[in-house]
Amino acid sequence: MAQIVMDDVATIAPTPHGCGVGSIHHRSSHEELRYENLFVEGGEYVFDGNRVTARWRVAKNGVGRWRLYTINPDLSLVITPDLRIRKYRRNDLTCVVRIIRSFETVFDALKPLDETVCCCAEHGHLWSLFQSTGTCAKGQYVWTWCLTCGAEQISFRESGECLQWPEDMDAITAAGALPTLHGPIVGGTSCNR
Ligand SMILES: [Zn+2]
0 MAQIVMDDVA TIAPTPHGCG VGSIHHRSSH EELRYENLFV EGGEYVFDGN RVTARWRVAK
60 NGVGRWRLYT INPDLSLVIT PDLRIRKYRR NDLTCVVRII RSFETVFDAL KPLDETVCCC
120 AEHGHLWSLF QSTGTCAKGQ YVWTWCLTCG AEQISFRESG ECLQWPEDMD AITAAGALPT
180 LHGPIVGGTS CNR
């Protein structure tokens, strides 16, 4: 049975390039926007620095909800009709549900993927200040992610080689290094207990 954990996840500093990538819907238009039309089925977005896919799912009780799927099949976000976000993290025994209160609505932290990709193509990636280290088949690396489009990058210490996800998907898959969820909302780096 799911448990609901009332949780305040740390608010993230706004990070934009200033290149005109704004919220999808401004608050003033929320009244006109029907919940069923919030997203495009199968549409790709960046939520808080992570790439997600929107899908409409109808529960056993017949109620439909928009869900944002991440690269981790055990972690998804449910958007409620009041545009709040609930994070569902499945583990062996249960599903932990956390209400994310960092944003007034989901659109404060969500952008269409193609907009963010265009933005980074024009202005370059905005790599996070946070870095971590790891080891994969190709050796030790330093890892970081793009706050705008959710791309990830690893640089190998020894060779100086640099791989990016998703462009270098094949090489990265072979090395077993990426991608991974990141950031405090879904990545669980600092704020999850
Ligand atoms: Zn980027």
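Under numbering that gives the first Met the number 0, the sequence shown has 54 at position 55, and the numbering climbs by one with no breaks. We put the beta carbon where it would ideally sit given N, CA and C, even for glycine. Bear in mind that the values here come from a model prediction, so they are computed numbers and not experimental data.
Verify the contact flag: C148, CB atom, against every heavy atom of ligand 1, threshold strictly below 6 Å. Because some heavy atom of ligand 1 lies under 6 Å away, the Cβ of C148 counts as near it: yes.
Continuous beta strand (DSSP E) stretch holding A53: start and end: In this chain, the beta strand (DSSP E) harbouring A53 covers N49 to V57.
Neighbourhood of N71 by C-beta distance below 7 Å, restricted to the same chain and skipping five residues each side: Here the set comprises L180.
Contact test: C145 Cβ vs ligand 1 heavy atom, cutoff 6 Å: Result yes, Cβ under 6 Å from ligand 1.
Does the region 162 to 181 touch the region 139 to 152, meaning 3 or more C-beta pairs lie closer than 8 Å? The region 162 to 181 and the region 139 to 152 touch, with three or more beta-carbon pairs separated by less than 8 Å.
Can you tell me whether K59 is buried or exposed? The criterion is at least 16 other CB atoms within 10 Å of its CB, across all chains shown. Exposed is the call here.
Tell me the DSSP bridge mates of C118? Paired residues: none, contrary to the question.
Determine the direct distance from the alpha carbon of W142 to that of G133, and round the result to whole angstroms. So the two alpha carbons sit approximately 7 Å from each other.
Less than 6 Å between the CB of C119 and some heavy atom of ligand 1, yes or no? Within the cutoff, so yes.
So for Q151, helix, strand or coil by DSSP? The sequence given here places Glu at residue 151; Gln does not occur at that position. For E151, the secondary structure class from DSSP, reduced to helix, strand or coil, is strand.
Under 7 Å, do C145 and L125 count as touching if we go by C-beta distance? Yes, the Cβ-Cβ distance between C145 and L125 is below 7 Å.
Which of helix, strand or coil DSSP assigns to V105: V105: helix per DSSP, three-state reduction.
In the DSSP assignment, the alpha helix (DSSP H) including I171 goes from what residue to what residue? Unbroken alpha helix (DSSP H) run through I171: M168 to A174.
Counted within 10 angstroms of its Cβ, other Cβ atoms place R100 as buried (16 or more) or exposed: By the C-beta density criterion, R100 is exposed, having fewer than 16 other C-beta atoms within 10 angstroms.
Just verifying my parser: in three-state terms, what is the DSSP assignment at G182? Correct three-state label for G182: helix.
Starting from the N-terminal side, write out each stretch of the alpha helix (DSSP H) that is 4 residues or longer and does not extend beyond the region 68 to 96. Counting only runs of 4 or more, we get nothing.
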